[in-house]
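Worksheet: the structure to be examined is printed underneath.
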Ligand SMILES: Nc1ncnc2c1ncn2[C@@H]1O[C@H](COP(=O)(O)OP(=O)(O)OP(=O)(O)O)[C@@H](O)[C@H]1O
Ligand SMILES: [Mg+2]
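Here it is in C-alpha cells:
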C-alpha cells in the first residue's frame with residue numbers, strides 16, 4: 007500500500023473512549039427504492055472532529071447514506087441523530103450540516119463570491135460580516151483573485167475549491183463531502199488531500215467523506231467504513247482496515263492480497279495452525295481469533311509481507327514457507343511485483359523493494375524461488 | 370407530486386383551460402338546436418349538412434392539396450437549411466441566412482401576407498408570372514413561412530445528433546452525398562416526418578396569409594370557416610371541428626402505438642444483445 | 005493511370021463542394037426572393053400614392069423623356085404623406101398602443117398559466133413528462149380558427165359562462181364577455197399558451213436538480229430557492245417564450261376580429277381594413293413598415309436567444 011497517513015496520529019481516539027458521546031449516530035438505517043435495498047441496516051457512530059471516510063464500490067449506497075444525513079432522502083427505517091437531535095422530518099435547510107456535492111452544484115448565474123455568500127445570506131448575516139467571511143474563506147482556498155468570475159470561467163480544481171468554500175463558510179459542525187476530489191487529476195488530488203486535512207484540523211469540523219478511492223481514504227481519514235451492497239463490511243482506522251480485515255470483501259477491496267483456502271489444524275492460545283493444499287505448506291498465524299479445528303478458513307497475506315529468496319531456507323520447520331517459479335515481474339521503480347506460480351497452480355503476488363540496482367537482477371523470470379513470511383503476516387478469515 | 374399542492378392544481382387548471390373549449394365544441398356538434406349553447410337533444414343532422422356543403426368541401430379539397438404540396442416543398446427546403454446551419458460551419462451570409470430562418474417564426478401574419486402579395490403583384494407586372502393569384506401563390510406563400518418551422522425542427526435534431534457518426538462514415542470513405550443519404554437521412558427521418566406534419570398543419574390552419582395571396586376561385590378551408598364564423602355560430606363548424614379532433618386524436622393514437630411498439634422492439638433487441646454478448 | 009485517378013478525385017470533390025453550395029443556395033435564394041425582397045417592395049410602396057388603377061398604387065420611378073430637348077431623366081417620387089397620416093391620426097396611434105397593451109397582457113397571462121404548468125411537468129416523474137408535454141401541444145394540431153370559434157360559444161351572452169354564472173346565482177341576466185378586450189385576452193392566451201410552455205419546459209427540465217438541493221443545504225427555504233435559483237436560471241426560457249407570444253400577438257388579426265368588439269382596435273385589423281376595405285395599398289404598406297419598426301428590437305432579441313439556444317444544443 008503506497009499511501010502514508012498524512013494525519014498525525016490523534017492522541018485521543020474517541021471511539022475507544024466509552025465516556026464520549028458520538029456527534030452523529032446512525033441507528034439501523036435502511037433505505038429502499040421500490041424493491042431495491044440501497045442501504046441495509048447501517049449503524050455508525052461518528053465523533054466530533056473526526057475525518058470519517060465512507061469507502062465502497064460503485065452503487066454500494068455511499069451517496070444514499072450521505073443524502074440521508076443531509077436530509078435529501080428520508081430513511082425507510084431507522085433513526086439518525088446529529089448532536090443528539092433526532093433528524094426525522096427536519097428539512098435540509100434546518101440541519102446543522104453542509105454538503106459538498108459530487109457535481110459541485112455551483113450556481114451558474116452567480117459569481118464565485120455570490121456562491122460563497124449564498125449560505126450566509128440565508129441566515130441573515132450582516133452585509134459587512136458576509137463580505138469579511140467570504141474574503142477570508144476565498145483566501146483560505148486560494149481563490150481571492152477569482153471572486154468576480156462565474157463558475158464556467160474556472161478550472162475543475164478551482165470549481166472544487168469554490169464548492170468547498172461555499173460549504174465551509176457557514177462553519178457547519180458537520181461537513182459531508184461526496185467524492186470531493188473525483189474530478190481532479192492525480193497531482194492536484196494529492197495536494198488537495200493535504201489541504202482538506204489542514205482545513206479540517208484548523209476549523210475543527212467533523213468531515214464525512216465519500217470516496218471509492220481507497221488510497222484517498224487511507225491517507226486522509228481517522229476512520230473508514232467500508233460499504234458493500236448497502237451493508238457496512240467493516241469500520242476501523244486505516245491500519246486496522248488494512249492489517250486486520252474482518253472478512254474477505256474488505257481484505258480484497260483494500261490493496262491486493264493473497265488468499266489461501268484451508269482448514270484449521272489446531273489452536274494454541276492465539277496461534278492458529280492452518281493446513282492449506284493451495285499454499286503447499288502449513289500456515290502458522292499469530293494473533294488470530296481462535297477457531298475450532300477442522301473448520302474451513304481463508305488465510306490472507308499481503309504481498310509486501312512475503313520475502314523472496316533464490317536459496318531454500320535452511321532449518322525452517324516447513325511452516326509459512328513454500329516454493330514456486332517466477333512467471334511475471336512488473337518493475338514499478340520503488341518496488342517490483344513478482345507473480346510466483348506454486349506447484350499447486352496457485353499464483354502468489356509478492357512485492358519487494360528494489361534495494362539494489364535493477365541491472366543486477368537478483369531474481370529473474372523462470373527462477374525457482376522460496377517464499378517465506380512471519381506468523382504475524384497472515385490474517386485468518388472465517389466464512 | 371405526493372401532495373395535491375399548488376403545482377398540481379395549476380397543471381389541472383392549465384389542461385382544463387386547454388381542453389374544456391374543445392370538449393364543449395364536440396358535445397354541441399351533436400346538439401339538435403341551432404343554438405350552440407343550449408342542449409336540446411341529440412342529433413347528427415349537422416354532420417349530414419356538412420357533407421352536403423359543396424363550397425366547404427371544395428375548399429377543404431383545395432386546402433389539402435395546398436397543404437400537401439407546400440409541406441413537401443418546405444421539408445425539402447427546410448432540410449437543406451437545417452443542414453446548412455448545423456453542418457457547414459461558417460459561410461458567407463450565414464448571419465443573414467439564420468435571421469431569415471428564424472424571423473418568420475414570429476413575423477405577424479398580416480405582414481407576411483401583405484408583403485408576399487405585393488411581391489406577386491410586382492412580379493406579374495415585370496415578369497408576367499405568376500399570372501393572377503391562386504393555388505400557386507398560396508402554395509409558395511405557405512412554403513415560405515412553414516419552411517422556417519421545418520428548418521428549426523431539423524436543425525435541433527441535427528444539433529442533438531452525434532456528428533461523429535457522419536465523420537466516421539466519411540473516414541471510412543463515403544462521399545458527402547452518400548453519407549447524407551445513408552447515415553444522416555435515416556437518423557433525422559423522425560424529424561422529417563414531424564416537420565412535414567407541422568408544415569401541413571400550419572398550412573391547413575392559415576387564414577390571413579391565404580386571404581392576401583389568394584385569387585378568385587381559390588378559397589381555402591380556413592377562409593370559408595372564417596367567413597362563416599364571422600357571420601355567427603353555425604353547428605356545422607362544430608361538426609367540422611369534431612371531425613378534425615377525431616382525425617388528430619386517431620393520428621396521435623396510432624403514432625403512440627407505433628412508437629410504443631418500436632420502443633418494445635428496441636428493448637427486446639437490447640436484451641438479446643446483452644444475452645448474446 | 006495515376007493522373008486519371010487524380011483527375012477523377014478532384015472532379016468528384018469539386019462536385020462535393022458544388023453539392024454543398026447547392027444545398028445552401030436553394031433555401032437561401034428562396035428566402036431572399038420570398039422573404040427579403042417582399043419587404044423591400046413593401047417599403048417602396050409605402051412611399052407611393054394610392055391611385056385608382058390596377059395595381060392601385062403609383063410608380064415610384066418614372067422615366068421622363070423630353071422630346072424637345074432630346075433628353076430623358078429618371079424621376080423618383082417619394083411620397084411620405086402616408087407616414088404623416090399614421091403619425092397625425094389618433095386612430096393609428098391608438099391602434100399601435102392598444103396592440104402593444106393587448107400583446108403584453110396576453111404574454112403575462114400566458115406566463116402566469118404557462119410557468120406553473122411547465123414547472124410542474126419538469127418536476128414530474130421522467131416517464132410522465134413526455135405525455136404531459138404532448139397534452140400541452142396537442143390542441144395546437146387542431147385548427148386555430150376552430151379553437152377561437154370554441155370561445156365564441158363560451159363567452160357570448162347566453163353562452164356557457166353566462167349560463168353558468170346565472171345558474172350559480174352570481175348574475176341574474178346574461179353576461180356578454182364576447183366582443184370585448186377580455187375576450188381577446190382569453191382567446192389569444194388560449195392560442196399562444198403552447199408557445200410559452202415549450203421553451204419554459206425545456207429550460208426548466210435541463211436544470212440540474214442538485215442546485216436546488218445545494219440551496220436547501222445552505223439554508224434556503226423552497227420558495228426562496230425558487231426565487232434565487234430556479235427563476236433566474238429559467239430566464240432564457242421566459243424571454244424566448246414571451247417573445248414567441250408577444251411578437252406575433254402585436255400583429256394579430258383573427259382573434260380581435262372574431263372575439264373583439266368594434267372598438268378593440270389592433271394594428272393588424274387596421275392594416276387589414278386599409279388593404280381590403282379601403283384598397284389603400286400604400287397606407288397598408290406604411291402601417292406594415294411601422295409595425296415592423298416596433299417589432300425590430302424584440303425580433304432581434306428573439307434571434308439572439310434562438311441562436312444561443314442552437315449553439316447550446318450543439
Ligand atoms: N432515487 C433513486 N431511485 C432508485 N434507485 C436509486 C436511487 N438513488 C440511488 N439508487 C440506487 O441505489 C444504489 C446505491 O446508490 P448510491 O448512489 O448510494 O451509490 P454510490 O455508493 O454513491 O455509488 P457511486 O460510487 O457510483 O457514486 C444504486 O444501485 C442506485 O442505483
Ligand atoms: Mg455516489
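Protein chains in written order, with the working numbering: chain R, 7 to 389; chain H, 370 to 646; chain C, 5 to 318.
Positions of the beta carbon are idealized from the N, C-alpha and C atoms, including for glycine.
query	result
Does the Cβ of residue 20 of chain R have 16 or more other Cβ atoms within 10 Å, making it buried, or fewer, making it exposed?	buried
For residue 8 of chain R, which residues from the same chain have a beta carbon less than 8 Å from its beta carbon, with the 5 sequence-adjacent residues on both sides left out?	Low confidence applies to residue 8 of chain R: its pLDDT is 44, below 50, so where it sits in the model is not reliable enough to give any reading.
Evaluate contact between the segment 598-612 of chain H and the segment 390-402 of chain H, counting only Cβ atoms and requiring at least three cross-stretch pairs below 8 Å.	yes
From the DSSP output, read off the bridge partner residues of residue 286 of chain C.	None; residue 286 of chain C has no bridge partner.
Any heavy atom of ligand 2 closer than 7 Å to the CB of residue 340 of chain R?	no
Which same chain residues, not among the five before or five after residue 376 of chain R, have their C-beta less than 8 Å away from its C-beta?	314, 315, 316, 317, 318, 319, 327, 328, 329
Determine whether the beta carbon atoms of residue 572 of chain H and residue 435 of chain H lie at a separation below 8 Å.	yes
Any beta-carbon of chain H closer than 8 Å to the one on residue 127 of chain C?	yes
Taking Cβ positions, are residue 237 of chain C and residue 305 of chain C nearer each other than 8 Å?	no
To which residues does DSSP link residue 302 of chain R through a beta bridge?	R/269
Can you list every residue whose CB sits closer than 7 Å to some heavy atom of ligand 2, going in chain order?	R/68, R/69, R/108, R/184, R/185, R/216
Assuming residue 517 of chain H and residue 481 of chain H are in contact, meaning their beta carbons sit under 8 Å apart, how far apart are those beta carbons, in whole angstroms?	Not confirmed; about 11 Å, so no contact.
For residue 284 of chain R, collect the residues of the same chain with a Cβ closer than 8 Å to its Cβ; drop the 5 residues on either side in sequence, then sort them by chain order.	266, 267, 268, 348, 350, 352
With a 10 Å radius around its C-beta and 16 neighbouring C-beta atoms as the bar for buried, classify residue 273 of chain C as buried or exposed.	buried
Say whether chain H places a C-beta atom closer than 8 Å to the C-beta of residue 303 of chain C.	yes
At a Cβ threshold of 8 Å, is residue 411 of chain H touching chain C?	no
Return the CA-CA distance between residue 160 of chain R and residue 116 of chain R, expressed in angstroms with no decimal places.	13 Å
Quick check: does the Cβ of residue 49 of chain R come within less than 7 Å of any heavy atom belonging to ligand 1?	no
With a floor of 3 residues, list each beta strand (DSSP E) that falls wholly inside the segment 47-116 of chain R, ordered by position along the chain.	57-62, 83-88, 103-106
Which bits of chain R does residue 215 of chain C rub up against, with CB to CB less than 7 Å?	111, 113
Excluding the 5 residues flanking residue 16 of chain C on each side, which residues of the same chain have their C-beta closer than 8 Å to its C-beta?	With a pLDDT of 49 at residue 16 of chain C, under the threshold of 50, the modelled position of that residue is not reliable, and the figure given next carries that caveat. Counting only Cβ-Cβ distances below 8 Å, and skipping sequence neighbours, we find nothing.
Looking at residue 409 of chain H and ligand 1, is the gap between the Cβ and the nearest heavy atom below 7 Å?	no
Less than 7 Å between the CB of residue 76 of chain R and some heavy atom of ligand 1, yes or no?	no
Just to confirm, does residue 218 of chain R get its C-beta within under 7 Å of one of the non-hydrogen atoms of ligand 1?	yes
In the segment 222-252 of chain C, which residues sit with their C-beta less than 9 Å from some C-beta in chain R, listed in chain order?	222, 223, 224, 225, 226, 228, 229, 232, 233, 236, 237, 239
Can you tell me the Cα-Cα spacing of residue 374 of chain H and residue 117 of chain C, whole angstroms?	16 Å
What's the gap between the Cα of residue 310 of chain H and the Cα of residue 145 of chain C?	No answer is possible for residue 310 of chain H: the residues shown for chain H start at 370 and end at 646.
Give the DSSP-derived three-state secondary structure of residue 165 of chain R in the structure shown.	helix
Would you mind telling me which residues of chain C sit closer than 8 Å to residue 57 of chain R, beta carbon to beta carbon, in chain order?	Those do not exist, as residue 57 of chain R stays about 20 Å from chain C at its closest Cβ, beyond 8 Å.
Got a sec: is the Cβ-Cβ distance from residue 154 of chain C to anything in chain H below 8 Å?	yes
Comparing alpha-carbon positions, which option in H/478, H/401, H/628, H/420 lies nearest residue 510 of chain H?	H/478
Does the Cβ-Cβ distance between residue 324 of chain R and residue 274 of chain R come in under 8 Å?	no
Go ahead and label residue 282 of chain C buried or exposed: buried means 16 or more other beta carbons lie within 10 angstroms of its beta carbon, across all protein chains shown.	exposed
Could you pull out every unbroken beta strand (DSSP E) segment of at least 3 residues lying fully inside the segment 190-276 of chain C, listed in chain order?	none
Is residue 417 of chain H buried or exposed, if buried means 16 or more other CB atoms sit within 10 Å of its CB?	exposed
Using a C-beta to C-beta distance shorter than 8 Å, which residues of chain C count as neighbours of residue 539 of chain H?	Ordered by position in chain C, no residue passes the 8 Å Cβ test against residue 539 of chain H, which lies about 10 Å from the chain.
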